[in-house]
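Trainee: Numbering of the sequence shown is given in the numbering used here, commencing with residue 13 and proceeding in unit increments. Note that the Cβ used here is the ideal one computed from N, Cα and C, for glycine as well. Here the structure is a predicted model, which is why all the values come from computation and not from measurement.
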Amino acid sequence: MESAVTAVARSREVFNSGASRPLKWRLEQLANLRSMLSERGEDFADALHQDLGKHRTESELTEIGFVAGEAAHLQRHLEAWLRPKPVPVPLTAQPAKAWTQLTPLGVVLIIGPWNYPVQLTLAPLAGALGAGNTAVLKPSEHAPATSAMLSRWVPEYLGGAVEVVTGGVPEAAALLAERFDHIFFTGGESAARAVMRAAAEHLTPVTLELGGKSPVYVDGVSDIGATAKRIAWGRFMNAGQTCVAPDYVMGTPATLEALESALVKSIAALFGDDPSTSDSYGRIIDDRHFGRLSALADGSTVVHGGQRDAATRYFAPTILRPSRDDAVMKEETFGPLLPLVPVAGPDEAARMINAGPKPLALYVFSRDDEVRRTFAEGTASGALCYGVPTAHLTVPGLPFGGVGASGMGAYHGEHSLRTFSHERSTLDKPLWPDTLELIYPPYGKAKSTLIRAIAAPACGRRRKPSRRKPRGPWG
Numbered sequence: 013m014e015s016a017v018t019a020v021a022r023s024r025e026v027f028n029s030g031a032s033r034p035l036k037w038r039l040e041q042l043a044n045l046r047s048m049l050s051e052r053g054e055d056f057a058d059a060l061h062q063d064l065g066k067h068r069t070e071s072e073l074t075e076i077g078f079v080a081g082e083a084a085h086l087q088r089h090l091e092a093w094l095r096p097k098p099v100p101v102p103l104t105a106q107p108a109k110a111w112t113q114l115t116p117l118g119v120v121l122i123i124g125p126w127n128y129p130v131q132l133t134l135a136p137l138a139g140a141l142g143a144g145n146t147a148v149l150k151p152s153e154h155a156p157a158t159s160a161m162l163s164r165w166v167p168e169y170l171g172g173a174v175e176v177v178t179g180g181v182p183e184a185a186a187l188l189a190e191r192f193d194h195i196f197f198t199g200g201e202s203a204a205r206a207v208m209r210a211a212a213e214h215l216t217p218v219t220l221e222l223g224g225k226s227p228v229y230v231d232g233v234s235d236i237g238a239t240a241k242r243i244a245w246g247r248f249m250n251a252g253q254t255c256v257a258p259d260y261v262m263g264t265p266a267t268l269e270a271l272e273s274a275l276v277k278s279i280a281a282l283f284g285d286d287p288s289t290s291d292s293y294g295r296i297i298d299d300r301h302f303g304r305l306s307a308l309a310d311g312s313t314v315v316h317g318g319q320r321d322a323a324t325r326y327f328a329p330t331i332l333r334p335s336r337d338d339a340v341m342k343e344e345t346f347g348p349l350l351p352l353v354p355v356a357g358p359d360e361a362a363r364m365i366n367a368g369p370k371p372l373a374l375y376v377f378s379r380d381d382e383v384r385r386t387f388a389e390g391t392a393s394g395a396l397c398y399g400v401p402t403a404h405l406t407v408p409g410l411p412f413g414g415v416g417a418s419g420m421g422a423y424h425g426e427h428s429l430r431t432f433s434h435e436r437s438t439l440d441k442p443l444w445p446d447t448l449e450l451i452y453p454p455y456g457k458a459k460s461t462l463i464r465a466i467a468a469p470a471c472g473r474r475r476k477p478s479r480r481k482p483r484g485p486w487g
């Protein structure tokens, strides 16, 4: 295994050589990343099945194909996004030209998680490479088969651009002791604090992609069956081990009664009457998480599912009817447990959301503009989606990231490029004519009058405040 010191030194040497700055190099690395995923896709799919029981099609949809699509999107738009952007120059600085340009940060550390160990390690890498950086990857030791594939194939396809350091907490700590120009971390809140503390030693900027309890609100929608199927799909994909999966569902008692029955039918439609026999349903990552989920289920009221097998780490899709004091309502579930929580209506649901940390995503199933407005204007979340969970990740133009305890910073598409770049300001003013003579000391009455005229904002007539009600997104 390569040491942290060696990996960072090699990466720094390549960056300092200037090799990563040209557009041609960046496009080549993105092409190489896509080639790796295409030519070694079977290896990655096998590894994902070993680690998480993922079906090959799900791996293609949410991991391998997802990253390939992200890299292709960057390739298509990179040249345009990197063009200098002209900025107007005020009269006081004329004649001159001003512009901004995205410049690489340097050496980036990307610490990947175990739940989507290909997507959430390589998608940010695509942005880092597109921005002209070199990178050090630290895959999760909790997904050992996938980590081994990354360690094997990344150096072959991206050698010189990317270093890979495998291992557990000691190796991660050794990396964090080194100086980086940006740290991108995906994982849990406690580990994120350790990352931030380490980054503070070098004043290194960080992007934190965390999680939290992403709520769902369902009102009396016209098609409860379609609603239930979308919620079940989003919740039980990857056996619930998805940071933006619906964590709990709120609705009136009557709505939840109808929804519970529809969810049971949707689970059967997606995974059969016995999901343990479905090759489309995944497994829990390890014994520790399996035990944690068992304790959460046993500490609440199970109304459907709950079957489990510790030997294979199978945990059935499970619907709960918890009390608000149950442990499952106090921590991120991150597994195939779906609590149904009765509320009087959208106002109570919004108050419940606001009483906890800001979620990574919020899902609202309603066609009522007033209900939508309640959540759009009355809550804060990393994302807000109407009518579908998790699918916002598939839109490359949307930034993906949290707010507050659910994360810091965002990426995907152009937002990745900006995350891994510095927008440098440039001003170019010729030495002749030297219009600065007009504002150089010594100051007299004439210069003072001139400076006031060209530097102070124009004074206009005071406007009366508008009596019109501000217009929101619904009119």
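Can you round the beta-carbon distance between Y229 and F387 to whole angstroms, since I take them to be within the 8 Å contact cut?
Mentor: 7 Å
Trainee: Are the beta-carbon atoms of A59 and A160 separated by less than 8 Å?
Mentor: yes
Trainee: A43 to L137, Cα distance in whole Å?
Mentor: For the pair A43 and L137, the Cα-to-Cα distance works out to about 13 Å.
Trainee: Using the beta-carbon count (16 or more within 10 Å), is Q131 buried or exposed?
Mentor: Result: buried.
Trainee: Which residue marks the beginning of the alpha helix (DSSP H) containing S202, and which one marks its end?
Mentor: 201-213
Trainee: I need the boundaries of the alpha helix (DSSP H) containing W111, first residue and last residue.
Mentor: First-last for W111: 109-116, but that is the beta strand (DSSP E), not the alpha helix (DSSP H).
Trainee: Are V261 and L352 close, meaning C-beta to C-beta below 8 Å?
Mentor: yes
Trainee: Return the CA-CA distance between K277 and I331, expressed in angstroms with no decimal places.
Mentor: 12 Å
Trainee: For the 8 Å Cβ check, are there 3 or more pairs between the segment 428-443 and the segment 106-121?
Mentor: yes
Trainee: For the segment 128-169, list the beta strand (DSSP E) runs that are entirely contained and at least 3 residues long, ordered along the chain.
Mentor: 146-150
Trainee: Which same chain residues end up closer than 6 Å to F56 when comparing Cβ atoms and leaving out the 5 residues on each side of it in sequence?
Mentor: So the qualifying residues of the chain are I76, V130, M161.
Trainee: Would K150 pass as a contact of L94 if the rule is Cβ separation under 8 Å?
Mentor: no
Trainee: Could you give the residue range of the alpha helix (DSSP H) that holds R379?
Mentor: No alpha helix (DSSP H) contains R379, which DSSP labels as neither H nor E.
Trainee: From E449 to P102, what does the alpha carbon distance come to, in whole angstroms?
Mentor: 16 Å
Trainee: Just the C-alpha distance for A251 and A244, rounded to the nearest angstrom, thanks.
Mentor: 11 Å
Trainee: Determine the contact status of S29 and A147, defining contact as a CB-CB distance below 8 Å.
Mentor: no
Trainee: Nearest-angstrom Cα distance between H301 and V400?
Mentor: 27 Å
Trainee: So the alpha helix (DSSP H) P459 belongs to, where does it begin and stop?
Mentor: It should be pointed out that residue 459 corresponds to Lys in this sequence rather than to Pro. Looking at the DSSP string, the run of the alpha helix (DSSP H) that includes K459 is 457-467.
Trainee: Can you check the segment 286-329 for any beta strand (DSSP E) of at least 3 residues that lies completely inside it and give the ranges in chain order?
Mentor: 314-316
Trainee: Run through DSSP, which three-state label would T438 get?
Mentor: strand
Trainee: Tell me whether K457 is buried or exposed, calling it buried when 16 or more other Cβ atoms sit within 10 Å of its Cβ.
Mentor: Its Cβ having fewer than 16 others within 10 Å, K457 is exposed.
Trainee: Within a Cβ cutoff of 6 Å, which residues of the same chain sit near A274, ignoring the five residues on either side of it in sequence?
Mentor: I236, G237, A240
Trainee: Quick test of your reading: L64 and I279, contact by CB under 8 Å. State the CB separation rounded to the nearest angstrom.
Mentor: About 19 Å separates the two Cβ atoms, so there is no contact after all.
Trainee: P258: which of A373, A328, E51, V233 sits nearest, CA to CA?
Mentor: A373
Trainee: Please give the ranges of any alpha helix (DSSP H) in the segment 353-377, keeping only runs that are unbroken, at least 4 residues long and fully inside the region.
Mentor: 358-366
Trainee: Using 8 Å as the Cβ pair cut-off and three pairs as the minimum, do the segment 210-227 and the segment 420-433 touch?
Mentor: Segments in contact, yes.
Trainee: First and last residue of the beta strand (DSSP E) that includes F197?
Mentor: 194-198
Trainee: Any chance you could list the alpha helix (DSSP H) runs of at least 4 consecutive residues sitting entirely within the segment 41-106, in chain order?
Mentor: 53-64, 68-71, 77-94
Trainee: For G390, which of helix, strand or coil comes out of DSSP?
Mentor: helix
Trainee: Report the rounded CA-to-CA distance for V355 versus N366, giving the unit in angstroms.
Mentor: If you draw a straight line from the Cα of V355 to the Cα of N366, it comes to about 14 Å.
Trainee: Among residues of its own chain, excluding the 5 on either side of L305, which ones have a beta-carbon nearer than 7 Å to its beta-carbon?
Mentor: Contacts found: I296, F327, G347, L349.
Trainee: Identify the residues that DSSP records as bridge partners of S433: which are they?
Mentor: The beta-bridge partner set that DSSP reports for S433 consists of P116.
Trainee: With respect to the alpha helix (DSSP H) encompassing G263, which residues constitute its N-terminal and C-terminal limits?
Mentor: Unbroken run through G263 is the beta strand (DSSP E), 260-263; no alpha helix (DSSP H).
Trainee: On the DSSP letters alone, give me the boundaries of the alpha helix (DSSP H) that T345 sits inside.
Mentor: The continuous stretches of alpha helix (DSSP H) do not include T345, and DSSP gives it neither H nor E.
Trainee: Using the Cα positions of D446 and H404, report the straight-line distance between them to the nearest angstrom.
Mentor: 53 Å
Trainee: If distances are taken between C-alpha atoms only, which option among V340, G118, D310 comes closest to R191?
Mentor: G118
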